[in-house]
Each structure stands twice: as C-alpha cells, then as structure tokens.
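Residue numbers (UniProt numbering): 1 to 650.
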C-alpha cells in the first residue's frame, strides 16, 4: 500500500473522501487523528518507507506544478497537513532518542539509513537549502540522528555542515543545529576541531577554502554575543580552537600557504588574531608555528607588488610578533634564525643577487658548449693558475662585471624585509613618542647569524685580528666574504641594523675584518701607486667607515681618516688603512672579554658602561705625515684629527 502513495493518488483519495456522505464520516475523530493512529500502528520499517514517500509531498513545491489551478488550494492544504503529520512522527522519534543514552539504530530504519555517508550528505543539503519549513524539519531529523548516534558521530555531522555551508544564511542553520545538539554533548566542539583536518581531505577538494571563512564568521559571531546569549558549561568554538591551538593553527597555516591565495592567508591570520595565544605551547608546536609564520611572511613578500601585499605583510608580522612574544625565548630565537636562513636561501628568487642568470644556469650553459673530453678534464684537473693557462679555458664563463638592473619590486621587497627585521629587533615601547630602543640579545643573535651566513668557513669566520703580513694569506677568502656582502641586497642593511645596538657589531668582527682586508688588498695590489683611489673603492670605503663608526667600533677621531684617504694617492690610502688595521689588532677583544662586556651592559648599573676603545694616538702618526705632504688638499682636516696639537702652546 505504501508504494502507491503519490501526489496524484493522494489528491484522488482526498476527492473520494470529500464525496462521502456526511453520515458516514467518523463522528468523534478527525481524519488526521485517524491517519496518525494508523501510522503509529504500522511497523517501523514501513513507517520509514511511508515517511520517504511523504517527504516530497510535504516539502517539495515542484511536484504540484502540474496540478490544475482549481486543485491548488486542496494541494496546499494536503501539503500543510502532511508536514504536520511528519512533524508529529518526528517528535515521537526525537522523544525516543532523548530518552535513551545509546539508541539501537536497527530499531529505527528512518535514522539508520543516514549511517550511509551519501544519505547523510543529502540530508545536510536538504537542511541547508529549500523552504523554511523543510529546513526546520530536516534540521530536527538530523538532530535526532545525531542524538541517537552519539557524540563522535555528532561531531562528524557538525564538521560536515561546516564544510557544506555557503553564506551567512546557511551559517545561521549551522548555528541553530549547534544550539540544538551541543547542550547534550558539551565536548562536541572540541571533537569537531580535532577531526577537521581528516574530514577536510575527504569531503572537500584542494580548491575549496569556504570552510575557513565559515570558521572566521562563527568566531566573530561568538565575540559579538552578549553575556546573556552565552551558555555556561558549553565549550565555544574559540575555546575549542584554543584547547587544540597548536595542531589547529599549524593545519590552518599549512592549508592557507598551500592554497596560494591572498584572501585565504588573510582569513587564516584573522582567525589567529581573534584567538588569545596560549603562553605554554608544546615546543614542537611552538617551533613549527614559528617556521610557518616565516613562510607566511615570505608569501606576503612575494605579493608585495600587488594591492594587498603590504597589508598582508603587516598582518603577518603582527601575528608572528604576538605569537613569539607569548612563547619562551627560544621560540623567538628560532623565528629569527629561520627568517634569516630563509632570506639567504631564497635570495635569488625574492630579492635578486645581481648575478645574471644565477650560478646554476651559467654552469649549464658552459657544459652544453663543451665536449665530453673537456668536461672529463674538469673533473680530474686542479683548477690552479698554471692548469688554467695551459688548458685553454681562460676567459670562459659569465662576466662578473656585467651590470644588472635591479627591478623595482625586488627593491621594494628588500626594504619591506629589512623593515620586518628592524621591527623585530626593537624593544616594545612602553609609551608613544619614546625613543626607539633595540633589544641587545636580538641584535647579538642577528650579528651571529650574519657572520655564520657570510663567512662560510672557519678561517674567514675567525674572530682574532692578526698582523697584516699573516692575514695576507687569507685575503682570497676575505674577498669572497666581501663579495657576498655586496652581492646579497640586504646584507649591508642588516649590518647597519646590528650597529644600532652596541656592542652588536663586535659580534660581526669577522665580516668587518674581511671587508677591510678586501679593500686593503685592492689598494696594495694596484699597479699605479700614485694615482687617486678608484671611485668604486671609495664608495665601499665610505660605507665601511660609516658602519664601524655607527657601531662604536672606531673612535670618531680615526673615522676622519676616510676624508684624508679619499683625497690622497693609492699608496698613501693603503698606509692609512694599515694604521686602522693595526688599531683593531691592538684592541679587538677576545670572546670571553666581549661576553663579559656584553653582560655588563645587561645589568642596570648606576654608572654608564664605556664602549670598547683603544689608544688612538699610537696610530695617527702616519696620518699626520700624509696630511703634511698633501697640505693643500687635506690641510683643513688637521684640526679635526689633531685638536690636542693645536691647543699646545708654541
């Protein structure tokens, strides 16, 4: 009998009942009550089939499209009455589900069929779409299934609704379902957050990020709720995310960065900003999030030339700074180390190094133009000067003097990256308008990181300052360090940043020494000793003197030597730089002395700690002789360099 329940048959039966004489009508009960009694007497399996037949009659308006206009009022009445009957049946099912802690679904085929994932997903779709009465009915049916299935299945249903929801109207249905089901399972949101990554890989594809925006909207709705709207004892979504902050945030950031879309990354960062970062995360989560924050920063740098790139970078840095400040100090160190390491590793792709084509491309082009015999010879021969002369390969390879124009976007990315590092090295100001102060520990770590990346071997990274005659053997290594400093776009910027916090630059002593040794070797090896110093060398020399003076490594009196060296011959400039070299050789501190001096600066003492300085007068005699020899060109500098000699009575 159940299989014959169709809209046409229902209309036909209604007409026939309406044509029955009133004397044969049931006297005490309505036909609705009579039909409900019949449904209650039917077996549960038949009730399931019956309800499946009645659902489209009650909630699908399309099945009445072909009914004549004269029967439309009757069809509307049938639809309303059928919906009422279904509501009463569902009320009985809900009452039974709530009365048992663990309901046997075998006794309720109406609910058991939704154990199938396809049927369950279809039911969720009907709950989110359709008429108002249909959505409410399917919401109650889904709630009955969730209550009967238990807490774990209810968490899965809640997650499925989150993934299927589109728009705020459907999010309201999600919220209504949560209000109906969460009071029965207070830990439900915790379970949902934990199973989100697993279900996301099953229910959605890699191009769907709607669920992340749904989470953000729900969190904002929670924050806008008043105290009266909140339910005590029920774990809210933001609380559930905080309880599993490490795993949830690492999963969100991994998804957002892999999605490679600015709006998705912004949404992920907005979710993190809306949560209060816990202060005691497990180290594996804290360090992983620190690494992922670096990935987000470089993703934002890659979008710097777009409209939202700079805003995204600011948002990413704020999230990263708030997070690392809330964790242990090792997390802060790990973040800075990862940031610098990533900058050096991706320097070619992000900032541009000034090397045309990169090393890999040039090596490929060279190998493609040579024969197999020549390539085999390269593997076994020593690449010394004599071997190169007799092999006939001199002059082959990329020209180092080729000029490469730096793109505007690469320059912008460099400035933004340096600004991120600069803000990270600054101490948090206690009030507006205060002078910017730098964190000594952070600047010291930055100096050590720069030394490790710029000085690639133990000889060039040696902190001791030996005599020039001994150091001359290591000049090729120093030239390589100096070339790395000049090739890497942000190297000089970070060195000047380190110089802001004394004694940070002292921990870059190998880099400072390598750059000075490179300049001195160029002057010493010059063939024409009497000509003026080359303009390119003067630019590097000016930058070096400015750096060591700013870092308080060189006294102000000796910093004036650059003015003299820029206006005298090559040989005289080398003699002046040799005095600078001997000055550093005489007073450069050993590691334990520098560490003790650094510790003194950390302690708040009443008196001011003087910077490390040596005896200046011992290393100005050659400068005085050079000035006397070139009195017309640099005589005006004599009062600045030797004020004591002018003040002595004649």
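Every residue gets a Cβ at the ideal spot worked out from N, C-alpha and C, and that includes glycine.
From a predicted model like this one, the values you see are computed outputs, not experimental measurements.
Proximity to residue i [Cα-Cα], best of the options
{"i": "residue 169", "options": "218, 151, 185, 188", "result": "218"}
{"i": "residue 294", "options": "309, 327, 253, 310", "result": "253"}
{"i": "residue 514", "options": "472, 417, 555", "result": "472"}
{"i": "residue 531", "options": "495, 574, 625, 213", "result": "574"}
{"i": "residue 199", "options": "221, 183, 185, 159", "result": "159"}
{"i": "residue 88", "options": "140, 535, 617, 640", "result": "140"}
{"i": "residue 491", "options": "188, 451, 501, 518", "result": "451"}
{"i": "residue 308", "options": "529, 263, 197", "result": "263"}
{"i": "residue 346", "options": "301, 329, 318", "result": "301"}
{"i": "residue 188", "options": "220, 171, 155", "result": "155"}
{"i": "residue 120", "options": "483, 351, 157", "result": "157"}
{"i": "residue 663", "options": "238, 312, 265", "result": "One cannot answer for residue 663 here, as it falls past the ends of the chain, which runs 1 to 650."}
{"i": "residue 423", "options": "115, 321, 524, 352", "result": "321"}
{"i": "residue 223", "options": "265, 276, 207", "result": "276"}
{"i": "residue 261", "options": "181, 333, 303, 642", "result": "303"}
{"i": "residue 172", "options": "191, 128, 193, 150", "result": "128"}
{"i": "residue 496", "options": "547, 525, 486, 553", "result": "547"}
{"i": "residue 115", "options": "414, 149, 292", "result": "149"}
{"i": "residue 190", "options": "77, 624, 242", "result": "242"}
Beta-carbon proximity of residue i to residue j, cut-off 9 Å
{"i": "residue 195", "j": "residue 177", "result": "no"}
{"i": "residue 481", "j": "residue 454", "result": "yes"}
{"i": "residue 510", "j": "residue 463", "result": "yes"}
{"i": "residue 538", "j": "residue 566", "result": "yes"}
{"i": "residue 340", "j": "residue 449", "result": "yes"}
{"i": "residue 338", "j": "residue 296", "result": "no"}
{"i": "residue 611", "j": "residue 503", "result": "yes"}
{"i": "residue 153", "j": "residue 146", "result": "yes"}
{"i": "residue 316", "j": "residue 335", "result": "no"}
{"i": "residue 418", "j": "residue 494", "result": "yes"}
{"i": "residue 652", "j": "residue 519", "result": "Residue 652 lies beyond the residue range present for the chain, which begins at 1 and ends at 650; the question has no answer from this structure."}
{"i": "residue 283", "j": "residue 328", "result": "yes"}
{"i": "residue 214", "j": "residue 174", "result": "yes"}
{"i": "residue 164", "j": "residue 134", "result": "no"}
{"i": "residue 512", "j": "residue 484", "result": "no"}
{"i": "residue 351", "j": "residue 272", "result": "no"}
Under the three-state DSSP convention, the category residue i falls into
{"i": "residue 534", "result": "coil"}
{"i": "residue 521", "result": "helix"}
{"i": "residue 426", "result": "strand"}
{"i": "residue 562", "result": "helix"}
{"i": "residue 482", "result": "helix"}
{"i": "residue 502", "result": "coil"}
{"i": "residue 633", "result": "helix"}
{"i": "residue 326", "result": "helix"}
{"i": "residue 586", "result": "helix"}
{"i": "residue 438", "result": "strand"}
{"i": "residue 393", "result": "In this predicted model, residue 393 has a pLDDT of only 47, less than 50, meaning its place in the structure is not dependable; the value taken from the coordinates is given anyway. Coil."}
{"i": "residue 359", "result": "A caution first: residue 359 carries a pLDDT of 42, below 50, which makes its placement in the model unreliable, though a value can still be read off. Residue 359 falls in the helix class under three-state DSSP."}
Own chain partners of residue i with C-beta closer than 7 Å, once the 5 adjacent residues on each side are dropped
{"i": "residue 559", "result": "545, 549"}
{"i": "residue 542", "result": "562"}
{"i": "residue 468", "result": "578, 581"}
{"i": "residue 517", "result": "471, 475, 478"}
{"i": "residue 166", "result": "210"}
{"i": "residue 522", "result": "537"}
Cβ neighbours of residue i in the same chain (closer than 6 Å, five flanking residues each side left out)
{"i": "residue 527", "result": "none"}
{"i": "residue 579", "result": "619, 622"}
{"i": "residue 584", "result": "465"}
{"i": "residue 384", "result": "Its pLDDT being 49, under 50, residue 384 is placed unreliably in this model, and the coordinates cannot settle the point."}
{"i": "residue 442", "result": "425"}
{"i": "residue 286", "result": "327, 331"}
{"i": "residue 204", "result": "163"}
{"i": "residue 427", "result": "437, 439"}
Beta-carbon contacts of residue i that lie in its chain and below 8 Å, excluding the five residues immediately before and after
{"i": "residue 344", "result": "453, 488"}
{"i": "residue 613", "result": "555, 587"}
{"i": "residue 281", "result": "245, 246, 289, 327"}
{"i": "residue 267", "result": "209, 212, 213, 216, 256"}
{"i": "residue 626", "result": "564, 568, 572, 575, 576, 634"}
{"i": "residue 220", "result": "274"}
{"i": "residue 498", "result": "443, 446, 447, 450, 504, 505, 507, 508, 551"}
{"i": "residue 90", "result": "137, 140, 141, 144"}
CB contact below 9 Å: residue i versus chain B
{"i": "residue 111", "result": "Absence of chain B from the displayed structure is noted, only one protein chain being present."}
For a minimum of 3 consecutive residues, which ranges assigned as the beta strand (DSSP E) are wholly contained in the stretch 588-622? none
Suppose only complete runs of 4+ residues qualify. What are the alpha helix (DSSP H) ranges in the stretch 198-279, listed by chain order? 210-224, 237-243, 245-259, 262-274
For the stretch 111-185, list the alpha helix (DSSP H) runs that are entirely contained and at least 4 residues long, ordered along the chain. Whole alpha helix (DSSP H) segments, 4+ residues: 117-128, 132-149, 151-164, 167-181.
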